[in-house]
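Chains as they are written, first to last, in my numbering: chain L, 2 to 476; chain G, 2 to 476. Scroll down for the structure; my scribbles are underneath it.
Number of protein chains: 2
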Amino acid sequence: MNLLEALQSTVGATHVLTGPDAAPFLTDWRGRYKGQAIAVVRPADTEQVAQVVRLCAQQNVPVVPQGGNTGLVGGATPDESGRAVVISLSRMNRVRSVDTDNDTLTVEAGCILQTVQETARNANRLFPLSLAAEGSCTIGGNLATNAGGTQVLRYGNTRDLTLGLEVVTPQGEIWNGLRGLRKDNTGYDLRDLYVGSEGTLGIITAATLKLYPLPVARCTALLALDSVPAAVALLSRARTGFGASLTGFELMSAACLELVTRHYPQQRLPLAGPVEQHGWYALLELSDSESETHARERFEAVLGAALEDGLVQDAAIAENLAQSHALWHLRESIPLAQAEEGKNIKHDVSIPISRIADFVATTDDLLQQHFPGVRNITFGHLGDGNLHYNVQGPIGEAEPALLARQDDIYQLVHDSVHAFDGSISAEHGVGQLKRDELTRYKSPIELQLMQRIKMALDPQGIMNPGKTLQDATHI
Amino acid sequence: MNLLEALQSTVGATHVLTGPDAAPFLTDWRGRYKGQAIAVVRPADTEQVAQVVRLCAQQNVPVVPQGGNTGLVGGATPDESGRAVVISLSRMNRVRSVDTDNDTLTVEAGCILQTVQETARNANRLFPLSLAAEGSCTIGGNLATNAGGTQVLRYGNTRDLTLGLEVVTPQGEIWNGLRGLRKDNTGYDLRDLYVGSEGTLGIITAATLKLYPLPVARCTALLALDSVPAAVALLSRARTGFGASLTGFELMSAACLELVTRHYPQQRLPLAGPVEQHGWYALLELSDSESETHARERFEAVLGAALEDGLVQDAAIAENLAQSHALWHLRESIPLAQAEEGKNIKHDVSIPISRIADFVATTDDLLQQHFPGVRNITFGHLGDGNLHYNVQGPIGEAEPALLARQDDIYQLVHDSVHAFDGSISAEHGVGQLKRDELTRYKSPIELQLMQRIKMALDPQGIMNPGKTLQDATHI
Numbered sequence: 002m003n004l005l006e007a008l009q010s011t012v013g014a015t016h017v018l019t020g021p022d023a024a025p026f027l028t029d030w031r032g033r034y035k036g037q038a039i040a041v042v043r044p045a046d047t048e049q050v051a052q053v054v055r056l057c058a059q060q061n062v063p064v065v066p067q068g069g070n071t072g073l074v075g076g077a078t079p080d081e082s083g084r085a086v087v088i089s090l091s092r093m094n095r096v097r098s099v100d101t102d103n104d105t106l107t108v109e110a111g112c113i114l115q116t117v118q119e120t121a122r123n124a125n126r127l128f129p130l131s132l133a134a135e136g137s138c139t140i141g142g143n144l145a146t147n148a149g150g151t152q153v154l155r156y157g158n159t160r161d162l163t164l165g166l167e168v169v170t171p172q173g174e175i176w177n178g179l180r181g182l183r184k185d186n187t188g189y190d191l192r193d194l195y196v197g198s199e200g201t202l203g204i205i206t207a208a209t210l211k212l213y214p215l216p217v218a219r220c221t222a223l224l225a226l227d228s229v230p231a232a233v234a235l236l237s238r239a240r241t242g243f244g245a246s247l248t249g250f251e252l253m254s255a256a257c258l259e260l261v262t263r264h265y266p267q268q269r270l271p272l273a274g275p276v277e278q279h280g281w282y283a284l285l286e287l288s289d290s291e292s293e294t295h296a297r298e299r300f301e302a303v304l305g306a307a308l309e310d311g312l313v314q315d316a317a318i319a320e321n322l323a324q325s326h327a328l329w330h331l332r333e334s335i336p337l338a339q340a341e342e343g344k345n346i347k348h349d350v351s352i353p354i355s356r357i358a359d360f361v362a363t364t365d366d367l368l369q370q371h372f373p374g375v376r377n378i379t380f381g382h383l384g385d386g387n388l389h390y391n392v393q394g395p396i397g398e399a400e401p402a403l404l405a406r407q408d409d410i411y412q413l414v415h416d417s418v419h420a421f422d423g424s425i426s427a428e429h430g431v432g433q434l435k436r437d438e439l440t441r442y443k444s445p446i447e448l449q450l451m452q453r454i455k456m457a458l459d460p461q462g463i464m465n466p467g468k469t470l471q472d473a474t475h476i
Numbered sequence: 002m003n004l005l006e007a008l009q010s011t012v013g014a015t016h017v018l019t020g021p022d023a024a025p026f027l028t029d030w031r032g033r034y035k036g037q038a039i040a041v042v043r044p045a046d047t048e049q050v051a052q053v054v055r056l057c058a059q060q061n062v063p064v065v066p067q068g069g070n071t072g073l074v075g076g077a078t079p080d081e082s083g084r085a086v087v088i089s090l091s092r093m094n095r096v097r098s099v100d101t102d103n104d105t106l107t108v109e110a111g112c113i114l115q116t117v118q119e120t121a122r123n124a125n126r127l128f129p130l131s132l133a134a135e136g137s138c139t140i141g142g143n144l145a146t147n148a149g150g151t152q153v154l155r156y157g158n159t160r161d162l163t164l165g166l167e168v169v170t171p172q173g174e175i176w177n178g179l180r181g182l183r184k185d186n187t188g189y190d191l192r193d194l195y196v197g198s199e200g201t202l203g204i205i206t207a208a209t210l211k212l213y214p215l216p217v218a219r220c221t222a223l224l225a226l227d228s229v230p231a232a233v234a235l236l237s238r239a240r241t242g243f244g245a246s247l248t249g250f251e252l253m254s255a256a257c258l259e260l261v262t263r264h265y266p267q268q269r270l271p272l273a274g275p276v277e278q279h280g281w282y283a284l285l286e287l288s289d290s291e292s293e294t295h296a297r298e299r300f301e302a303v304l305g306a307a308l309e310d311g312l313v314q315d316a317a318i319a320e321n322l323a324q325s326h327a328l329w330h331l332r333e334s335i336p337l338a339q340a341e342e343g344k345n346i347k348h349d350v351s352i353p354i355s356r357i358a359d360f361v362a363t364t365d366d367l368l369q370q371h372f373p374g375v376r377n378i379t380f381g382h383l384g385d386g387n388l389h390y391n392v393q394g395p396i397g398e399a400e401p402a403l404l405a406r407q408d409d410i411y412q413l414v415h416d417s418v419h420a421f422d423g424s425i426s427a428e429h430g431v432g433q434l435k436r437d438e439l440t441r442y443k444s445p446i447e448l449q450l451m452q453r454i455k456m457a458l459d460p461q462g463i464m465n466p467g468k469t470l471q472d473a474t475h476i
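If you want it as structure tokens, here you go:
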């Protein structure tokens, strides 16, 4: 029996895809990466995943796990050799249990993030992970990449929301680590090692996740600011004034909102005067466990004081849900407006919050020195130190001119990030996109520690090879 | 030059202790474990730690890292062979930096926890880790054991408070992972692997830790309850009603408080009637970011409703700081009152909160069946699912009779913990005490994964051998 037949006999012939059926699984959704595979296999349960991995391990065939295929770094696309088997977790989409007294739920890797959110809400609980792809990404992919999103300031990244995991090892064994415990000091933290390892150490098949009480009320405001240092000072004040109720603090330059309002004229800022009147804008969100009235009073007290002190230049507090959505819509439209404006170069970086203002000023200057006329479209989750430091070409310049300089711009920005003790991948992961760049910024000792772990857990090197790490020279 | 001379030349002769000078470092503070060592070495900085480890590695000499020596599982005591070198981090006690805009500080491993707390407070920030030994334990020890304490419900364990680490590897190399970033998805999570690994994978020499705003007001209350299920229901209600302001939820049986008030008659419950009138008591703490008035009103609203609904039988809210301290003092006196009462057997366990009531009922019954007359002294951090499920001998029985049955009682309780999907070490770690028991409850695959990591990072097996894991048969 050859491998294909063995796979068919394991998961059923209809769940082993080849030819045109396999095609959607062999490229990422943006079409940046294309690969080939022996087959795409869709197991029904953890035991089948383990059997498929054992079959592949026996023949030294690489395995590429895949969730919703919504990643941004090519982490779920096989290489072009055609040697690999893609394992899609999409059929493993059951909610195994909800435990409201323990504030946990246990779901399979193929669950769509939105299903996890809705399952929590139906149990009168919040699962806080929230991001643009939530309607199609899977929780397994979120775990594999330690996804971030809009609620990290209060609730942390996917790692922070995870209590337990079930994992199929590269040897096709099943580790049942589905613990619903908030305290467990019985050995090495395998859970956090698998989270964020992009399928290179094993396949996450299920997880036990934390739930939170649903907030009773939310408030949203758009604030006009003079500068990035003013935004940093406001963040500090908001953290003190709102405590854990502060659930969102997004920063946007005037250039971002100018793009949005120009390309989508139906969208307007609820503030007097033109967008360019102020240099920067912040979107704040408060989640309250008490009441609408309390949330509103508190919001007005802290923001009112910031206005009086001159830290904030102007402010608009959403009066209702529709206005709140409109404010978030401004923020969420920035990437779309950028695409309307033309090709651009994206950087998903993080910087210690105390150095963000210097980073922006210094990097803006360096860019102008080396690439005169390029436009900064800078926004991001300031509360997490996470900037989407994006670069648009000079006005009137043809797009190919910018793209020709893409690698040089990447390097200039990432060198600057490194100089400011930042990270070149805040929330998107490494995958194929940043694998080689990692070797430029990580210390040799850190890369060596990672290689040692990879070789210890996957000595055959069959788990998602070529992602996160360069292939090691096996000893 | 022999090893001792080489060590002296590295750190200075006065910092290489032998004979009686070394004695305090060769036993744990409770005197449960005693060991021997070639010497106790006290390096001044990270580079010296690295040099000492390199010297030891060259001669295949085991290394035992030690902080404040306040652990409860023998994790910092060398074995009796006398082959090891103890590395005390106590001289490495500098605060390297405080960054209020980034809400982080960077400290060396030998910093006393209380110093870290005070440094934060002087910067108008909270470092929330808090536990009984805070006046003498070091942050390095807290990191090595992933210490818990009284604020876990809101702020998490030591791991959750850590952003970056500096580590000396078993090869004597220095990994500088002192990042102050809340988002960084550039590879494997080495940080969380070192945290909680009890010095068996490397020596943590410094850490970048998270800071929080100081609460503006705190409220404390003692509540009388009928049962453990009532306590679990109250916890759920408090989490919803107080959100992230709920910073403490401690559970105590009436037997605990009976012991305290009998041995320390100056301590009284601020409730009418005898202690035994109610079966259980809860100590709640609310930390507010707004005002005393707001905290008080909110506390009274939620607790008042619980009283009205019959979920709470009686309640006393502290009127001032002195009364609040008196309530916490009742809770903190339980272990002392237990010691006054006589020898007892302690279990530091965690259980999913939804199963805690069943666990207590079932295990209490089992104990009575097998060890008639033993007394349960059950208390703990209910909000974290963490119970100190302690067992006192029958009234009037001589202590040796209890201690003779210690291992049988351990096994009965830990078997029950395992049956309820719990952990046999919630916050104290494994060390020597629970190393062999781990093999009874962990799956072979999990033990094997841990051994693979140990062998990958410490192939010589010189880092704190015999702790956490049994010695592996090296391949």
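Ideal placement from N, C-alpha and C gives every residue a C-beta, glycine not left out.
When Cβ-Cβ separations below 7 angstroms define contact, Arg240 of chain L makes contact with chain G. DSSP lists G:Tyr282, G:Phe380 as the beta-bridge partner residues of Met253 of chain G. By alpha-carbon distance to Glu333 of chain G, the top candidate from G:Pro66, G:Ala134, G:Trp30, G:Cys112 is G:Ala134. Counting along the chain, Gly242 of chain G sits inside the alpha helix (DSSP H) bounded by residues 229-243. Lys435 of chain G sits in coil when the DSSP states are folded into three classes, being neither helix nor strand.
The count of Cβ pairs closer than 8 angstroms, one atom from the region 140-154 of chain L and one from the region 189-200 of chain L, reaches three, so the stretches are in contact. Counted as a single uninterrupted DSSP element, the beta strand (DSSP E) harbouring Gly178 of chain G occupies residues 175-178.
For the region 353-367 of chain L, the residues whose beta carbon sits under 8 angstroms from a beta carbon of chain G are, in order, Pro353, Ile354, Ser355, Arg356.
Bridge pairing for Met464 of chain L: L:Val64 [DSSP]. DSSP lists G:Thr379 as the bridge partner or partners of Tyr390 of chain G. Taking C-alpha positions only, Leu154 of chain G is separated from Phe380 of chain G by approximately 15 angstroms. Taken through DSSP and simplified to helix, strand or coil, Lys347 of chain L comes out as coil.
The three-state secondary structure of Ser426 of chain G, taken from DSSP, is coil.
With contacts defined as CB atoms closer than 7 angstroms, Asp161 of chain G and Ile354 of chain L fail to qualify as a contacting pair.
The beta-carbon of Glu400 of chain L is placed no less than 7 angstroms from the nearest beta-carbon of chain G.
Relative to Ala85 of chain L, the option among L:Ile39, L:Val53, L:Leu383, L:Gln115 whose CA is nearest is L:Ile39.
Residue pairing by DSSP places Lys211 of chain G opposite G:Thr105 in a beta bridge. Counting the other Cβ atoms within 10 Å of the Cβ of Ala302 of chain G gives fewer than 16, which makes it exposed.
By the Cβ neighbour-count rule, Asn321 of chain L is exposed, with fewer than 16 other Cβ atoms within 10 Å of its own.
Setting aside the 5 residues that flank it on each side, Gly69 of chain L is surrounded in the same chain by Ser137, Cys138, Thr139, Gly142, each with a C-beta closer than 6 angstroms to its C-beta; the list follows chain order. Neighbours of Val117 of chain L in chain G, taken as residues at a C-beta separation under 9 angstroms, are lacking, since the least C-beta distance is about 19 angstroms.
Spanning the alpha carbons of Ser417 of chain L and Arg122 of chain L requires a straight line of approximately 42 angstroms.
The residue among G:Val87, G:Ile454, G:Tyr390, G:Ser10 with its C-alpha nearest the C-alpha of Asp22 of chain G is G:Val87.
Per DSSP, Thr221 of chain G is one residue of the beta strand (DSSP E) stretching across 218-226. Rounded to the nearest whole angstrom, the C-alpha separation of Leu272 of chain G and Ala316 of chain G is 7 angstroms. Along the region 130-153 of chain L, going in chain order, the ones with a CB nearer than 8 angstroms to a CB of chain G are Thr146, Asn147, Gly149, Val153. In this chain, Gly136 of chain L is not harboured by any beta strand (DSSP E), its DSSP state being neither H nor E.
Distances from the CA of Lys347 of chain L to each of L:His326, L:His415, L:Gly374 were compared; the closest alpha carbon is that of L:His415. Considered as a whole, the region 304-378 of chain L harbours 322-333, 335-342, 357-371 as its complete alpha helix (DSSP H) runs of no fewer than 4 residues, in chain order. Nearest CB-CB separation between Thr187 of chain G and chain L: below the 7 angstroms threshold. DSSP places Ser198 of chain L in the coil class of the three-state scheme, outside both helix and strand. The beta carbons of Ala58 of chain L and Gly173 of chain L sit closer together than 7 angstroms. For Asp22 of chain G, there is no enclosing alpha helix (DSSP H), as DSSP marks it with neither H nor E. Within chain G, Thr241, Gly242, Phe243, Gly244, Ala245, Ser246 have C-beta atoms less than 8 angstroms from the C-beta of Ser290 of chain L, given in sequence order. Judged by DSSP in its simplified three-state form, Gly165 of chain L adopts strand. The shortest C-alpha to C-alpha distance from Gly165 of chain G to any of G:Gly181, G:Ile175, G:Asp104 is the one to G:Gly181.
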